[in-house]
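In order, the protein sequences belong to chains A and B.
Taking numbering that gives the first Met the number 0, the leading residue of the first sequence gets 0, the next gets one more, and so forth.
Taking numbering that gives the first Met the number 0, the leading residue of the second sequence gets 0, the next gets one more, and so forth.
Glycine included, C-beta positions come from ideal geometry on N, C-alpha and C.
Protein chains: 2
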Amino acid sequence: MANILIADDHELIRDTLGAYLSGLHDFSIFTVDSLEGAMVELKSSTVFDLAIVDYRMPGMNGLDGFALAMRRFPATKFVLMSGMAGSDVALKAMELGARGYFPKSLSAEMMIGAIRLVLSGDRYYPFQLVEQTPTDEAGNNFRNLSDRETQTLRHLCEGKSNKEIARALNVQEVTIKLHVKNMLAKLNAKNRTHAALIAREDGFC
Amino acid sequence: MANILIADDHELIRDTLGAYLSGLHDFSIFTVDSLEGAMVELKSSTVFDLAIVDYRMPGMNGLDGFALAMRRFPATKFVLMSGMAGSDVALKAMELGARGYFPKSLSAEMMIGAIRLVLSGDRYYPFQLVEQTPTDEAGNNFRNLSDRETQTLRHLCEGKSNKEIARALNVQEVTIKLHVKNMLAKLNAKNRTHAALIAREDGFC
DNA sequence: TAGGTACCTATACTTTAGGGTATATCGGTG
DNA sequence: CACCGATATACCCTAAAGTATAGGTACCTA
Chain A
0 MANILIADDH ELIRDTLGAY LSGLHDFSIF TVDSLEGAMV ELKSSTVFDL AIVDYRMPGM
60 NGLDGFALAM RRFPATKFVL MSGMAGSDVA LKAMELGARG YFPKSLSAEM MIGAIRLVLS
120 GDRYYPFQLV EQTPTDEAGN NFRNLSDRET QTLRHLCEGK SNKEIARALN VQEVTIKLHV
180 KNMLAKLNAK NRTHAALIAR EDGFC
Chain B
0 MANILIADDH ELIRDTLGAY LSGLHDFSIF TVDSLEGAMV ELKSSTVFDL AIVDYRMPGM
60 NGLDGFALAM RRFPATKFVL MSGMAGSDVA LKAMELGARG YFPKSLSAEM MIGAIRLVLS
120 GDRYYPFQLV EQTPTDEAGN NFRNLSDRET QTLRHLCEGK SNKEIARALN VQEVTIKLHV
180 KNMLAKLNAK NRTHAALIAR EDGFC
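Quick look at the structure:
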């Protein structure tokens, strides 16, 4: 019997995913709604084999909280779950020692397979993310953006200034301004903040 | 037997929520992963009593797609579901004719109750949202922000400029600049775009 | 080869954002 | 009462963002 902790601030997901996994005879499921709650459970007498932690959750603060939990409870295998985080976050999590990354685009059946994989000691990283590693950012075709516009948007989604983006892409700042302007028009955004919000809303970045 | 359509781009949620609701003997569940898919299903021979539609999904474009679907299929009761949309979106959806708004913070049991309520002809609006109507936005205590800073951030999360926020809050632009500056410091954000991203990341707005 | 598209750069300009400092009111609290 | 925090405003300044126009390269396609 494997003890699994699910940490997600959406009660609906805790309930339904928990119920789904509890249906499997060899899983014992516990759920919490925050990283803090996860810490409390992990510190309890129950020994957890696996913790599935949502990326967007009170206390997470990016990957900081996740990394902290992993350091504090090295006996438990940690998996990051996210509805929309990009491959860069997934990779970073894996580098920090995560045993897997579960996008919510996974089917329930696939997730069970991934859980069993991780429990067996292997690590799980979805192949779809391998295909679009951060180094080759192209091929996304998000709202008819060109390659450069796509890259610009990706940096924009990290709150960077035009100057910082220009440095990162090795071009002049004016060029980035142009990309930003054209991008705003394509996204129908009022300004860069709006664009970043739209991008995030639509699962880009 | 009530036919229910679930439209959500996260396969995990479709699977687990679908399985959960299918466990009830009087619900017949269909799932799709986009608004377009929902349109196809709704146009089919099956008569749907209820459609539960996720706010963040390909084709939605804010509430535009939702409104379009409701207009096109008036015989079906529509409910908006969201993981994080604020009360303003929920209210707007209700005004557009939605029969209910389901935050994902709802428990599975509560959702079943809400579904039965809607199927019976009533409308469902979570009380938690009534308490924090857009008019009195206070009481959130997000990262030690003051009331005004909180309101400012809320507008910031819609991509508004300082001038627009000032108009909305009936103060001078300089005042908003002050709030923004103090807010950036409290959120540890580099600029307004970063702040908006952080706020969204943490479930605020 | 001509036209189209993406890309890069430049100049010039206006608007917005952001920081600093100072002043003033108001409500609560030691 | 004196202090403090939140709110509001003003003035000043620099930096960043955004718009407009124009000129150039490269590549691909009709």
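Is G58 (chain B) near the ligand COA, in the sense that its beta carbon is under 8 Å from a heavy atom of that ligand?
No copy of the ligand COA occurs in the structure displayed, which carries no ligand at all.
Which residues in chain B sit within 7 Å of A195 (chain A), going by Cβ to Cβ distance?
T192, A195, L196
Please name the residue in B:E40, B:A89, B:S27, B:K91 whose C-alpha comes closest to that of F72 (chain B).
B:E40
Just by C-beta distance, which residues in the region 73-101 of chain A are closer than 7 Å to chain B?
G82
From Q171 (chain A) to E148 (chain A), what distance separates their C-alpha atoms?
14 Å
C-beta atoms of L49 (chain A) and L118 (chain A) nearer than 9 Å
yes
Say whether chain A places a C-beta atom closer than 9 Å to the C-beta of E108 (chain B).
yes
Could you please give the first and the last residue of the uninterrupted alpha helix (DSSP H) stretch that includes N161 (chain A)?
161-168
Kindly give me the distance between the Cβ atoms of Y19 (chain B) and A74 (chain B), rounded to whole angstroms, as I take these residues to be in contact under 8 Å.
Incorrect: roughly 26 Å between the Cβ atoms, too far for contact.
Provide the residue span of the alpha helix (DSSP H) that contains G36 (chain B), from first to last.
34-42
Please give me, in chain order, every unbroken run of the beta strand (DSSP E) with length at least 3 that falls completely inside the region 54-137 of chain B.
76-81, 99-102
Any beta carbon from chain A within less than 9 Å of Y123 (chain B)'s own beta carbon?
no
Interface partners of R199 (chain B) on chain A, CB under 8 Å
L196, R199
At which residues does the beta strand (DSSP E) containing V46 (chain B) begin and terminate?
No beta strand (DSSP E) contains V46 (chain B), which DSSP labels as neither H nor E.
Would you mind working out which of A:T15, A:F65, A:F29, A:G22 sits nearest A97 (chain A), comparing C-alpha positions?
A:F65
Cα-Cα separation, E130 (chain A) to R115 (chain B)
Its pLDDT being 47, under 50, E130 (chain A) is placed unreliably in this model, and the coordinates cannot settle the point.
Should V46 (chain A) be labelled buried (16 or more other beta-carbon atoms within 10 Å of its own) or exposed?
exposed
Which residue wins for smallest C-alpha separation from G120 (chain A), given the options A:G99, A:D53, A:E200?
A:G99
Take the Cβ of G138 (chain B) as the centre, count every other Cβ of all protein chains shown within 10 Å, and call the residue buried at 16 or more, exposed below.
Low per-residue confidence applies at G138 (chain B): pLDDT is 36, beneath 50, and the placement is therefore not dependable, though the value from the model is reported in the following sentence. Exposed, because fewer than 16 other Cβ atoms sit within 10 Å of the Cβ of G138 (chain B).
Using a beta-carbon distance below 9 Å, is L11 (chain A) in contact with chain B?
yes
So the beta strand (DSSP E) N2 (chain B) belongs to, where does it begin and stop?
1-6
Tell me the DSSP secondary structure of S21 (chain B) in three-state form.
helix
Beta carbon proximity, D63 (chain B) to chain A, threshold 9 Å
no
Compare the C-beta of K189 (chain A) against all C-beta atoms of chain B and say whether one is closer than 9 Å.
yes
Assign A184 (chain A) to one of two classes, buried (16 or more other C-beta atoms within 10 Å of its C-beta) or exposed (fewer than that).
exposed
Given that G158 (chain B) touches chain A, what residues does it touch there, using C-beta distances under 9 Å?
A188, K189, N190, R191, T192, H193, A194, A195, L196, I197
Is A66 (chain B) close to chain A? Criterion is C-beta to C-beta, closer than 9 Å.
no
Residue from B:M182, B:L128, B:G112, B:L177 whose Cα sits closest to the Cα of L23 (chain B):
B:G112
C-alpha gap between T174 (chain B) and Q150 (chain B), whole angstroms:
13 Å
Ignore the nearest five residues each way along the sequence and tell me which others in M0 (chain B)'s own chain have a CB closer than 7 Å to its CB.
D25, S27
Do G158 (chain A) and K189 (chain B) have their C-beta atoms within less than 9 Å of each other?
yes
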